[in-house]
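Data block below; observations after.
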Amino acid sequence: MSALLLASEGGRSVANPSFPLLSILILTPVAGALVVALISKRRPELTKQAAVLFSLLTGALAIGVVVTFDKHLPGFQMVDDVQWIKNPDISWKLGVDGISLWMVALTGLLFPIAMLGAPPHDEEKSFYAWLLVLEAGCLGAFLALDTFLFFVFFEIVLVPMYFLISGWGYGERRYAATKFFLYTMFGSAFMLVGTVALSYLHAKGGPVTFDLQVLAEQQGVVAETTARWLFISFAIAFAVKVPIFPVHTWLPDAHTQAPTAGSVILAGVMLKLGTYGFLRYGLYLFPEASAWAAPVMVTLGVVGIIYGAVCATMQKDLKRLVAYSSVAHMGFIVLGIFAITRQALTGSVIQMVNHGVSTGALFLLVGYIYERRHTRQIAELKGLQTPAPKMAAIFTLVMLSSIGLPGLNGFVGEFLILIGSFLTVKWWAVVAVTGVILAALYLLWAYQRVFHGEPDEANRDFRDIRFTEGLALAPLLVLIVFMGLFPKPFLERIEPAVNKLVHHVEVNSDHREPGVSTKGDEVVPESERRAEGEAAEGDHATSDTEQGDGHGTEEGN
Amino acid sequence: MNDLIWLIPAFPLAGFVLLVAFGRRLGEPLAGWLATGAIAGSFAASVATFFALQGEPVRERAYEVTLWEWLPVGGFHVDFGFLADPLSITMCLFVTGIATLIHLYSIGYMHGDPKFSKFFLYLNLFVFSMLMLVLGDNMLITFLGWEGVGACSYFLISFWHTEDANASAGKKAFVTNRIGDFGFMVAIFFTFAALGTINYTGIVAASPSLATTTATVIAAMLFLGACGKSAQLPLYVWLPDAMAGPTPVSALIHAATMVTGGVYLLARMNPVIAESASWVPWMIAIVGALTALFAATIAVAQNDIKKVLAYSTVSQLGFMFLALGSGAYVAALFHMITHAFFKGLLFLGSGSVIHGMEGEQDMRRMGGLFKKMPITAVTFMVGWLAIIGFPLFAGFFSKDEILLFAYDKSPILWLIGMAAALLTGFYMTRQVIMVFFGAPRWDRPLEEAVPDLHAEREAAGIHPGHGAGPIGEIHPHESPWTMTLPLIVLGPLALVGGWLNSAFWERGKFLEHWLEPVVEFGEAHLEATTLLKVELGIGATLMGLIGLVAAWFVYGRNKGEAKDRIERRVLLKGWYYDSSIAAFMGGPGRKGFDAIAWFDKHVIDGAVNGVASVVRVSSDKGRTVQTGYVRNYALGLVFGAIVVAGLILSKAVTG
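As they're listed, the protein sequences go chains A and B. Going by this note's numbering, the letters in the first sequence line up with residues 14 to 570, in that order. Going by this note's numbering, the letters in the second sequence line up with residues 6 to 660, in that order.
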């Protein structure tokens with residue numbers, strides 16, 4: 014019992030009651046949606062300006078979160094905790110750590126870009142209103158520290174995305190939107206079961222709580238087998254969302270039919286809800302079950318890498334190709350998460366950002382091509398580099414980032430995932446490297462067919478990139494280069510949270526992160542060894558204050 | 006001084022950035038001069054670093070500079086740092102030196118091209134990447150440069166991208182190289198897992214503690230990477246196609262610098278190879294020897310002036326790998342340097358010929374150009390004598406050295422190397438005769454001499470203006486000074502480059518003493534007598550001369566006409582190796598990929614849609630609740646879920 018008490022103490026985080034920054038961050042786009050809804054339908058320009066303004070404001074607040082974030086703390090920061098329902102205990106509890114921090118930043122970045130870069134042709138008002146609602150939902154899901162609150166946000170995002178696809182999409186948009194909605198809803202149903210069941214089982218007849226930290230830090234209350242079943246119920250929802258092979262087929266349809274802004278957000282932000290879910294509601298909430306399921310998840314991740322790449326190679330529709338490349342990229346992230354090493358997990362988190370940046374840019378570019386040519390069929394495009402050299406150059410940069418060229422952002426995540434996975438799942442990591450070869454194959458082949466060659470009659474007058482289009486892409490291009498060369502500001506904020514997470518899994522399961530051969534330590538230059546030693550000490554410090562309690566709980570039972 | 010190493014790559018990077026920003030405004034020829042100046046600055050910085058290093062005691066000749074932390078994660082820690090030691094500075098010197106000349110040459114060669122400034126932008130970026138490759142103080146920076154040169158190579162091969170053949174060649178180079186990169190990446194993983202570091206100084210210090218199996222895997226994987234970059238069997242296929250790029254690119258990237266990346270990597274990692282099982286060096290030597298011979302046989306039958314040199318490059322790289330596998334690291338690096346001189350010279354010479362021939366690359370249309378282009382001809386012939394190992398020319402020293410070590414490893418390897426040397430003498434002499442001597446054939450269309458020319462060019466994807474000159478009469482002329490000056494500089498280097506490591510007396514082995522601290526771990530030690538060395542040297546030299554004489558008998562007396570009895574179709578087609586791979590990839594390979602895509606569409610997604618339609622049909626009876634509003638369905642789902650949750654709960658509580 015004393016262990017339990019201690020654990021709940023440990024679960025309490027660094028709160029900042031003075032200023033509810035995170036709540037304001039979520040409520041800003043909500044307010045934006047309301048304002049947009051109140052503006053007259055006959056003023057489309059005004060709706061756009063208002064929407065962009067609010068999304069920029071949200072972006073600025075997200076940057077504010079990044080700036081005020083204390084990079085030394087491994088736990089949750091800036092926690093807002095307002096009780097919603099007393100019994101069962103459900104709270105509006107928000108908090109940010111090194112993992113959700115970058116998801117929030119990515120969301121704050123991509124929404125204004127999607128609004129500015131891919132405006133709709135009609136019905137501006139509802140389009141922007143839905144986008145702002147979507148933004149609030151995504152931010153809420155990333156920031157929630159209450160399992161029920163998370164579920165609410167996780168579900169809310171489906172509605173605006175459904176209407177965005179079915180309202181502003183292409184050809185078979187109704188089919189794609191319904192498929193997207195029902196498929197993800199199907200997954201979420203399991204998660205709802207898991208959420209409710211976990212809290213009631215955890216209570217053991219006492220007060221019921223949905224507080225994520227309490228549920229996660231007090232491991233061992235729920236029997237091992239039960240916890241595994243509960244994990245599976247969450248995992249199904251996340252697997253559909255990521256998506257993991259073989260529940261991925263909603264993705265190509267949804268992407269192909271969605272409007273450009275929808276695709277950017279869907280790939281850039283919404284898929285991350287799945288991988289983020291695996292980190293927060295998989296490894297953190299069910300450490301033992303995650304380690305137990307890791308072999309299967311790693312396998313599915315690697316299958317996704319190869320399978321997605323092979324399918325991408327054979328696509329005839331450019332947008333579908335990019336969609337399948339997402340399946341491959343998300344496979345890398347899943348591999349990294351379930352390899353459960355510091356390098357792989359850090360790589361996965363940064364790869365989520367990278368994928369959002371580069372795939373977001375790719376979807377924008379594909380959208381621009383469609384705007385001009387009204388086709389996405391690769392066979393109908395040819396030689397675009399001659400009339401549009403600037404677009405070709407931008408496409409090349411983004412493509413190389415997606416291929417994982419060192420010096421650009423994609424490499425940082427992919428490489429960390431692979432080298433980290435190599436430590437625990439050696440041969441799977443080696444197989445996954447072949448995905449790197451395939452990525453070069455499908456993207457370069459597509460590039461050759463679309464941009465190289467002599468442009469024919471239909472493609473001769475293709476217009477090069479416009480100023481506003483370039484403006485929307487510019488921040489993404491800067492990030493592609495910056496994150497490739499100076500990933501440290503990102504890595505050093507992710508790392509404490511990841512270290513804590515790995516430790517959490519190690520304490521609560523049989524999983525052990527293999528140490529790198531000690532022989533290496535002797536040869537590391539003095540200065541580096543010192544830095545490493547400090548990091549290791551930092552880990553111990555964390556474990557003493559926060560994680561040791563979880564350990565105690567386990568033993569107490 | 007050692008703080009200024011970063012200047013070496015900074016110059017080309019600055020050139021690249023400036024050209025991205027202002028290249029179009031600078032235009033021709035200013036953009037070219039800017040790029041050339043940037044590389045010249047880099048060369049000057051390399052020279053300064055070289056002298057600074059030389060001033061240090063032998064054991065302390067290494068400067069390490071860390072610019073910033075690149076990937077610091079947990080126990081994995083990689084810095085953006087440079088290592089200047091005898092090996093990397095040697096590479097820097099010849100890379101920047103030759104690159105300066107080739108930049109200068111390009112100003113003339115690319116004259117009038119609408120994408121003039123873009124060409125120099127790519128060239129500068131390439132040199133920057135190449136310098137990262139050689140200067141990196143850890144495997145990952147080397148890999149950064151490694152992939153960077155691959156990307157630049159891709160841009161430059163497909164530079165004239167409106168031709169499908171060029172675009173395909175660029176893509177092929179990138180993808181084939183990526184197969185090799187697979188090996189490089191896996192080698193990095195194994196190194197990190199075993200040693201906890203991927204810093205070269207750390208690897209050198211810790212390599213004796215490596216388990217043999219681990220060292221073996223690392224070495225074998227590195228070799229796979231090297232096979233891709235340095236165009237060895239079975240991954241050489243991209244290099245001949247890479248000749249689709251502008252000729253200065255072929256000279257710089259696909260002959261002198263980038264393709265030596267694999268040799269550099271293996272030399273850099275020689276302590277690990279020294280710890281590996283003995284079959285790895287054997288494999289390297291065998292692959293090298295076979296590649297040298299295989300590519301030489303193909304070179305014999307080529308008609309494209311650049312294709313001969315391309316296969317020759319593959320063959321010469323094979324010699325370098327033969328040396329590496331035989332433990333002759335110094336000889337491999339020595340040959341790499343002399344090869345950079347004479348092959349760079351030969352490629353630039355061939356570019357000058359193509360320029361003078363108004364774009365014609367087919368040697369069957371040349372002949373008698375000696376009088377029309379005297380500077381090009383004389384310098385080209387210096388390169389020719391150097392490559393066939395004519396006494397006292399550069400290749401003479403370096404090739405003898407390699408064959409000496411090969412003999413020490415195995416007489417069979419030595420024999421293969423000798424055969425390749427003979428063929429080198431043959432095909433190079435054939436080229437010189439066909440281009441510069443005999444009767445001129447540029448005054449009449451090629452169709453007269455080659456009836457099935459149209460079909461042949463169709464198959465090779467050659468169109469007028471891209472590898473084929475004008476149909477009518479061509480008026481060959483000597484090239485402008487920007488193009489001939491680099492030839493005039495490289496000519497003497499190809500002539501005397503061999504004295505860098507002269508075998509004639511011990512003190513003349515400058516390169517060996519210079520590189521010793523870096524390669525001493527893997528370097529083999531010969532116990533051959535002086536007499537044997539002299540005999541082998543004479544034998545190797547004779548091979549080149551026999552080839553020369555044989556070619557003169559076949560072509561010289563025949564006024565440079567082609568010979569069908571020797572130029573078999575199977576050789577012209579490169580033993581059908583490349584076309585077999587292409588047929589496989591386009592046939593079964595593509596079908597396999599298509600099958601998976603079909604599976605995805607019809608089986609996986611089919612199952613999803615199948616379930617959906619079953620649900621739809623069965624719910625026909627419950628039509629009354631079907632309102633068509635998604636929110637109602639959602640509500641139903643939520644309620645259903647709660648019911649299920651309740652069931653589980655009750656079970657869990659009672660159970």
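Idealized CB from N, CA, C, for every residue including glycine.
Distance between beta carbons of residue j and residue i, contact taken as under 8 Å
i: D1 of chain B; j: R64 of chain B; result: Since the first residue of chain B shown is 6 and the last is 660, residue 1 of chain B is not available in this structure.
i: E478 of chain B; j: D448 of chain B; result: 5 Å
i: F179 of chain B; j: G155 of chain B; result: 6 Å
i: G373 of chain A; j: A280 of chain A; result: 7 Å
i: L504 of chain A; j: T359 of chain A; result: 6 Å
i: A333 of chain B; j: Y316 of chain B; result: Rounded, the Cβ-Cβ distance is 23 Å, inconsistent with contact.
i: V117 of chain A; j: L66 of chain A; result: Not really, about 19 Å apart at Cβ, beyond 8 Å.
Spatial distance of residue i from residue j (CA atoms)
i: G323 of chain B; j: K596 of chain B; result: 34 Å
i: T720 of chain B; j: R355 of chain A; result: As displayed, chain B neither begins before 6 nor continues past 660, which places residue 720 of chain B out of reach and without an answer.
i: F148 of chain B; j: Q96 of chain A; result: 53 Å
i: L114 of chain A; j: V78 of chain A; result: 8 Å
i: Y560 of chain B; j: I438 of chain B; result: 7 Å
i: K538 of chain B; j: I162 of chain B; result: 42 Å
i: F85 of chain B; j: L136 of chain B; result: 13 Å
i: Y114 of chain B; j: G349 of chain B; result: 15 Å
i: G230 of chain B; j: F176 of chain A; result: 49 Å
i: D330 of chain A; j: A236 of chain A; result: 49 Å
i: D523 of chain A; j: F99 of chain B; result: 55 Å
i: R55 of chain A; j: E137 of chain A; result: 10 Å
Residue-level contact to chain B via CB, residue i, 9 Å cutoff
i: F475 of chain A; result: no
i: G533 of chain A; result: Per-residue confidence for G533 of chain A stands at a pLDDT of 41, beneath the threshold of 50, marking its modelled position as unreliable; no derived number is given.
i: P33 of chain A; result: no
i: M327 of chain A; result: yes
Beta-carbon proximity check, residue i vs residue j, cutoff 9 Å
i: G380 of chain A; j: G130 of chain A; result: yes
i: F131 of chain B; j: G102 of chain B; result: no
i: I178 of chain A; j: Q270 of chain A; result: yes
i: G591 of chain B; j: P245 of chain B; result: no
i: L72 of chain B; j: W151 of chain B; result: no
i: C157 of chain B; j: S134 of chain B; result: yes
i: A192 of chain B; j: M226 of chain B; result: yes
i: I493 of chain B; j: I392 of chain B; result: no
i: K407 of chain B; j: M274 of chain B; result: A small fix is needed here, since residue 407 of chain B is Ile in this sequence, not Lys. No; because the gap between Cβ atoms is not below 9 Å, this pair is not in contact.
i: W287 of chain B; j: G356 of chain B; result: no
i: L128 of chain B; j: V254 of chain B; result: yes
Chain A within 9 Å of residue i, Cβ atoms only
i: E74 of chain B; result: yes
i: L136 of chain B; result: no
i: P77 of chain B; result: yes
i: F121 of chain B; result: no
i: F124 of chain B; result: no
i: M190 of chain B; result: yes
i: G356 of chain B; result: no
i: N275 of chain B; result: no
Any non-hydrogen atom of the ligand COA closer than 8 Å to residue i Cβ
i: A445 of chain A; result: Judged by which ligands are present, the structure shown has none, so any question about the ligand COA falls away.
- Query: Name the residues in the region 596-613 of chain B whose C-beta lies less than 8 Å from a C-beta of chain A; which are they?
  - Reply: F598, D599, I601, A602, D605, I609, D610, V613
- Using a Cβ-Cβ cut-off of less than 8 Å, give me the residues of the region 343-358 of chain A that come near chain B, in sequence order. T354, R355, Q356
- Item | Positions along the region 434-467 of chain A whose CB lies within less than 7 Å of some CB in chain B | F435, L436, A442, V443, V446, T447, V449, I450, A453, L454, L457, W458, Q461, H465, G466, E467
- Query: Any residues in the region 147-168 of chain B with a beta carbon nearer than 9 Å to a beta carbon of chain A? Which ones, in chain order?
  - Reply: F148, L149, G150, W151, E152, G153, G155, A156, Y159, F160, S163, H166, T167, E168
- Name, going along the chain, the residues of the region 327-352 of chain B whose beta-carbon falls closer than 8 Å to a beta-carbon of chain A. none
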